[in-house]
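Taking this note's numbering, the leading residue of the sequence shown gets -15, the next gets one more, and so forth.
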Amino acid sequence: MINHINTMTFSQLKDIVQLLENDSTISNETKLFIDTGWDSIQEVTTEAIQVEKVTSFEVEDELTKEIYEGYCLVDKAKKLNTKGEQETAIIIKNLY
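Spelled out as structure tokens, the structure:
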């Protein structure tokens, strides 16, 4: 069995933005962060959102033998033995 995460689509993102636009507590100066599960939250910089080509790969958990699906940027595809077709994706870079 392949474990798959339902990745947000651009259409779903637009729906969320529309809801946020109607939230009176949100202004044009409201900051955007990513919660990575650590104690602090991570800032999203103004140049963080980019359009890139990605492809999918599968990895097996060595202990449970479960297979997990993931994605990588095309420039890292050889390293991860990708299987899927290239597709366009919106990437939030968090590189610090």
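For every residue, glycine included, the Cβ atom is placed at its ideal position computed from N, Cα and C. Since this is a predicted model, take the numbers as computed values, not measurements.
Problem set entry | Closest residue to residue -15 among 43, 61, 39, 1 (Cα-Cα distance) | Proximity to residue -15 across 43, 61, 39, 1 peaks at 43, based on C-alpha coordinates.
For this session: Just mark residue 66 as buried or exposed, buried being the case when its beta carbon has 16 or more other beta carbons within 10 Å.
Result: Per the 10 Å Cβ criterion, buried.
Problem set entry | Close Cβ partners of residue 52 (< 6 Å) along its chain, the five nearest in sequence each way excluded | Excluding five sequence positions before and after residue 52, the CB atoms of its chain that fall closer than 6 Å to its own CB belong to -13, 43, given in chain order.
Exercise. Could you give the distance in angstroms between the alpha-carbon of residue 22 and the alpha-carbon of residue 48?
Worked result: One C-alpha to the other measures close to 25 Å.
For this session: Indicate whether residue 35 and residue 75 have their beta-carbon atoms separated by less than 9 Å.
Result: In contact: residue 35 and residue 75 (Cβ atoms closer than 9 Å).
Exercise. For residue 54, which residues does DSSP report across the bridge?
Worked result: For residue 54, which the question treats as bridged, DSSP gives the partners 41.
Exercise. What residues are listed by DSSP as bridge partners for residue 2?
Worked result: When beta bridges are read from the DSSP output, residue 2 appears opposite no residue.
For this session: Kindly list the residues whose CB is nearer than 7 Å to the CB of residue 123, restricted to its own chain and excluding five residues on each side of it in sequence; keep chain order.
Result: The shown model of the chain, from -15 to 80, leaves out residue 123, and the question about it has no answer.
Problem set entry | Simplified DSSP assignment, three categories, for residue -4 | DSSP, reduced to helix, strand and coil, places residue -4 within a helical segment of the structure shown.
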